[in-house]
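Residue numbers (the working numbering): 96 to 406.
Below, the structure is given as structure tokens:
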């Protein structure tokens with residue numbers, strides 16, 4: 096076993112996970128996506144709370160959904176709610192070309208001003224050329240932060256991009272979309288027209304088995320977690336991937352500093368304050384101390400519980 100002292104921290108906090116080897120769980124979710132694409136569902140809606148790993152799930156769909164007749168294009172809609180339709184279409188076209196590594200002279204990219212004058216260029220000229228280059232494979236647009244467009248300004252994307260997206264789906268049978276939102280679908284009445292009848296799946300907490308894999312596997316050649324230490328982390332994180340990574344990141348850093356190779360419950364308890372302080376500012380979290388039973392009271396042992404506010 097390699098000592099944690101000489102290894103970089105393998106736990107990932109706050110960033111979307113692009114490497115499939117660093118991703119754990121969600122097999123049922125990927126099967127849900129694969130089944131619905133196979134059945135010809137044009138819109139598949141995914142939703143989940145903040146920091147639950149929605150962006151990571153989108154990045155992993157191409158790795159875990161084994162359908163060769165589809166190509167998957169990620170497109171992040173964050174901070175695009177106030178953009179004009181022409182700007183969003185131009186950014187989307189650029190994302191498609193970049194992701195598919197196409198040459199601009201092979202798929203002529205209209206300028207933003209062209210889309211402003213004639214938005215139908217995206218549907219009538221650009222997409223057909225992309226299909227030709229893909230040898231008629233279907234395109235799946237994976238739209239992250241989809242509810243970011245849910246503003247109420249008359250010229251915003253919610254009033255222009257959503258109807259345009261609906262028209263694209265009506266015109267192109269080889270176009271599919273997977274929107275991901277951070278709220279319950281019922282909370283977004285302006286989007287229900289697009290989602291009506293769409294299969295919907297929640298991105299929830301990890302299973303117990305997957306949570307244990309997330310704890311153990313990233314550092315398995317450097318750290319050994321006792322079963323009690325695993326129980327302590329699971330009790331704290333409750334299967335939330337962000338909190339699990341946060342705790343394990345702090346545990347690994349502590350072990351590396353101290354030259355330790357085994358993690359026990361006391362090691363977990365010692366990093367809770369640090370993990371709490373590192374928590375993302377958009378995800379308030381408080382740690383409370385509570386004794387488990389009389390034995391723990393006598394021994395001065397404590398158990399920690401994160402109170403996850405507003406998620």
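Glycine included, each C-beta is placed from N, C-alpha and C at the ideal position. From a predicted model like this one, the values you see are computed outputs, not experimental measurements.
In the three-state scheme derived from DSSP, where H, G and I count as helix and E and B as strand, residue 118 is classed as coil. Between residue 256 and residue 197, the gap from beta carbon to beta carbon reaches 8 Å or more. Residue 270 is bridged by DSSP to 234. In terms of CA proximity to residue 109, 146 leads the group 146, 122, 124. Around the beta-carbon of residue 212, fewer than 16 other beta-carbon atoms lie within 10 Å, marking it exposed. The Cβ-Cβ distance between residue 233 and residue 290 does not fall below 8 Å. Taking C-alpha positions only, residue 326 is separated from residue 278 by approximately 30 Å.
By the Cβ neighbour-count rule, residue 161 is exposed, with fewer than 16 other Cβ atoms within 10 Å of its own.
According to DSSP, residue pairing for residue 295 in a beta bridge involves 140.
With a threshold of 16 other beta carbon atoms within 10 Å, residue 353 falls short and is exposed. Residue 330 and residue 154 have their alpha carbons spaced roughly 28 Å apart. Distance from the CA of residue 310 to the CA of residue 339, rounded to the nearest whole angstrom, comes to 7 Å.
In the three-state reduction of the DSSP assignment, residue 319 falls in the strand class. Secondary structure note for residue 168: its beta strand (DSSP E) is the uninterrupted segment 165-171.
Residue 292 counts as exposed, since fewer than 16 other beta carbons sit within 10 angstroms of its beta carbon. By the neighbour-count criterion, in which a residue is buried when 16 or more other Cβ atoms sit within 10 angstroms of its Cβ, residue 214 is buried. Residue pairing by DSSP places residue 276 opposite 142 in a beta bridge. Residue environment analysis places residue 176 among the buried positions, since at least 16 neighbouring C-beta atoms fall within 10 angstroms of its C-beta.
Straight-line measurement puts the Cα of residue 217 at about 52 Å from the Cα of residue 366. Here residue 296 really is in contact with residue 127; their C-beta atoms are around 5 Å apart, less than 8 Å. Straight across, the Cα-Cα distance linking residue 276 with residue 260 is about 16 Å. Distance from the CA of residue 264 to the CA of residue 184, rounded to the nearest whole angstrom, comes to 15 Å. Of the candidates 355, 235, 116, 267, the residue whose Cα lies closest to the Cα of residue 151 is 116. At the C-beta level, residue 237 and residue 156 come within 8 Å of one another. Residue environment analysis places residue 134 among the exposed positions, since fewer than 16 neighbouring C-beta atoms fall within 10 angstroms of its C-beta.
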